[in-house]
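What follows is a single structure, written as structure tokens, with notes after it.
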Amino acid sequence: MPSRPPSVDALARSLADLDLPHPLLVEAARTAIAAGDPTAARSQAEALAAALLRPVVNATGVLLHTNLGRAPLGPALDRRGDAGQPVRYSNLEFDLATGRRGSRQRHAGGLLARAAGAEAALVVNNGAAAVLLVLATFARGADVVVSRGELVEIGGGFRVPEVLAASGARLVEVGTTNRTRAADYAAALSAETALILKVHQSNYRVVGFTAAATVAELAALGPPVVADIGSGLLDAATPWLPGGPPGWLHDEPAARQTLAAGAALVTFSGDKLLGGPQAGIVAGRRDLVERCARHPLARALRPGALVLETLQATALAYLRRDLAALPFWSLATAPVGQLHQRAQALVGRLSRTDVTVVDCASVPGGGSLPGMEIPSAGVAVAGDHTVALRAWCPPIVARANEGATVCDLRTVDPADDTTLAAALAALPAPS
Ligand SMILES: *Cc1c(COP(=O)(O)O)cnc(C)c1O
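Numbering (the working numbering), first residue to last: 400 to 830.
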């Protein structure tokens, strides 16, 4: 006679070591019993725990990895554990000087404006929200002139024509896919024109027989120019980098220079080249930023204190020129020789001969700087071990390439080299 299945409750209690809330253990137990296999309850619960949001080691070499949270955050940017207080309020919307209601846009927004050379800045939830808010504020029921070469799709459903339509603005296309001149914009202007919108192509390039109007040329035409620069490079001179702008930055548009060239507003993401948390920023002329802030959508798109604290820390790091507090830039500009040394030390720590030091190439990622590579170094091991590495604690995300698994050290914090070494040491020995 088959033994009776265990009770749901007893089975759930046998999983108590798994650090999951009891109702989730009960759910795993119930599902396993219903499927006629109570022994599967543990693996069910483990899968639940593994799927929770948690830190991973990014060994892909993609610095802004959209699936891994885009820009990396670090202790200097993560203020949550800062004061060690169990209960925490903040002066999010409280003016400590007057004791009256304040604005959540004063802290991070004001500092970012300063760092970008803007009169004012407003923070929303992401870059798409920043564009939507600007269009809804200034161009509802009016014309927005855009080059046909800039009607881009960024990924994740951001398509310029669709965002324009959602805002209630009318799209007026000018020029061609490869060539649009200032005269094309000028010919399309009318009393109905609310804005000229210039969108950074971000994730692709048109090469060859091309022409595009500069922001300065467009600014001379009359209507306010809004430049969606996307990536959030604050300043093309990168004063926070001791070595100046790296070659791979190429001619990426920067907030400071775009505003100086005459753009009324720029919009960009918080978690691309800015290197902060997911956010969107509208920066530029104070009167225009204030109109955006007063639009009803601004309330729907506003970020919370966790994001604003991290963004404030990011802005302060830029103003201090504190490279160590900007994880994206620290990783991106680490000398390749240093990465080589780490790879060598890592290989030396292992008593297996199938792990070797390799040269590789990292990429900025995040839909920015297509085709740009950053020389890097890492370790390679024969065979595809990506599944085993993902199952490590913490999970390690690596690339399988031509029959080998490559771990690019540029995107790995040096403190995680020991984790990587332990995971590689535990891989099955080569046959
Ligand atoms: C990335 C990007 C966006 C969207 O920003 P999110 O922060 O992903 O919402 C919009 N416009 C441009 C030009 C971009 O590069």
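The C-beta atom is built at its ideal place from N, Cα and C for all residues, glycine as well. Quick caveat: nothing in here was measured; it's all calculated off a predicted structure.
Beta-carbon gap between residue i and residue j smaller than 8 Å
i: ARG604; j: GLY770; result: yes
i: LEU596; j: VAL543; result: yes
i: VAL522; j: LEU710; result: yes
i: GLU591; j: ALA636; result: no
i: LEU673; j: GLY631; result: yes
i: ALA662; j: ALA692; result: no
i: GLY669; j: GLN656; result: no
i: LEU447; j: ALA427; result: yes
i: PHE557; j: ALA527; result: yes
i: ASP807; j: GLY460; result: yes
i: VAL573; j: ALA587; result: yes
i: ALA724; j: ALA731; result: no
i: PRO471; j: PRO793; result: no
i: THR818; j: SER761; result: no
i: VAL805; j: ALA797; result: yes
i: ARG503; j: LEU491; result: yes
i: LEU722; j: LEU640; result: yes
i: ALA581; j: LEU617; result: yes
i: GLU445; j: LEU410; result: no
i: ALA697; j: ALA517; result: no
i: GLN600; j: VAL551; result: yes
i: SER489; j: ALA660; result: no
Nearest-angstrom Cα separation, counted from residue j out to residue i
i: ILE553; j: THR497; result: 43 Å
i: PRO726; j: LEU594; result: 36 Å
i: ALA619; j: LEU648; result: 27 Å
i: THR430; j: ALA440; result: 7 Å
i: LEU532; j: ALA714; result: 22 Å
i: ALA742; j: ALA699; result: 47 Å
i: TRP791; j: LEU423; result: 22 Å
i: SER729; j: PRO560; result: 36 Å
i: VAL456; j: HIS464; result: 12 Å
i: ASP816; j: GLU708; result: 29 Å
i: HIS694; j: ALA538; result: 12 Å
i: ILE680; j: ASN525; result: 7 Å
i: GLY736; j: LEU826; result: 27 Å
i: PRO763; j: GLN740; result: 22 Å
i: ALA803; j: VAL780; result: 6 Å
i: LEU570; j: SER546; result: 10 Å
i: SER750; j: ALA733; result: 27 Å
i: ALA515; j: LEU738; result: 31 Å
i: ASN602; j: LEU768; result: 6 Å
i: VAL358; j: GLY548; result: Residue coverage of the chain in this structure runs from 400 to 830, which leaves residue 358 outside it and unanswerable.
i: ALA507; j: ARG513; result: 10 Å
i: ALA744; j: VAL778; result: 10 Å
i: LEU718; j: ALA776; result: 31 Å
i: PRO629; j: VAL562; result: Per the sequence shown, residue 629 should be read as Gly rather than Pro. Approximately 14 Å, taken between the alpha carbons.
i: THR579; j: VAL624; result: 16 Å
i: THR831; j: ALA820; result: Past the edges of the chain, shown from 400 to 830, lies residue 831, and the structure says nothing about it.
i: SER566; j: THR536; result: 8 Å
i: VAL746; j: ASN800; result: 19 Å
i: ALA449; j: LEU788; result: 13 Å
i: ALA612; j: LEU633; result: 21 Å
i: ARG684; j: HIS784; result: 52 Å
i: ASP408; j: GLN443; result: 15 Å
i: ALA653; j: LYS671; result: 12 Å
i: ALA433; j: PRO405; result: 11 Å
Unbroken alpha helix (DSSP H) run spanning residue i, endpoints
i: ARG741; result: 735-748
i: VAL778; result: Note, VAL778: premise wrong, no alpha helix (DSSP H); beta strand (DSSP E) at 773-781.
i: ALA767; result: For the sequence presented, residue 767 should be read as Ser rather than Ala. No alpha helix (DSSP H) contains SER767, which DSSP labels as neither H nor E.
i: PHE727; result: 726-732
i: LEU531; result: 526-538
i: THR657; result: 654-659
i: VAL425; result: 421-433
Cβ-heavy atom distance, residue i to ligand 2, below 7 Å
i: LYS671; result: Ligand 2 is not among the ligands present in this structure, which contains only ligand 1.
Host beta strand (DSSP E) of residue i (start-end)
i: PRO763; result: 754-764
i: LEU594; result: 592-598
i: ASP807; result: 803-807
i: THR637; result: Taken as a continuous stretch (DSSP letters only), THR637 belongs to no beta strand (DSSP E), as it is neither H nor E.
i: ARG685; result: Segment 685-693 is the alpha helix (DSSP H) holding ARG685; no beta strand (DSSP E) there.
i: THR613; result: Unbroken run through THR613: none, as it is neither H nor E.
i: VAL786; result: Element bounds for VAL786: not the beta strand (DSSP E) but the alpha helix (DSSP H), 785-789.
Per DSSP, the bridge partner or partners of residue i
i: SER546; result: VAL573
i: HIS464; result: ARG469
i: LEU491; result: BP columns for LEU491 are empty, so no partner.
i: VAL522; result: ILE680
i: SER601; result: Looking at the DSSP assignment, SER601 forms no beta bridge with any residue, so it has no partner.
i: VAL456; result: ILE795
i: ALA626; result: LYS597 and VAL665
i: PHE557; result: GLY554
i: ARG500; result: PHE493
i: ARG578; result: ALA610
Can you list, in chain order, every residue whose CB sits closer than 5 Å to a heavy atom of ligand 1? Answer in sequence order: ASN525, GLY526, ALA527, ILE553, PHE557, HIS599, SER601, ASP627, GLY629 and SER668.
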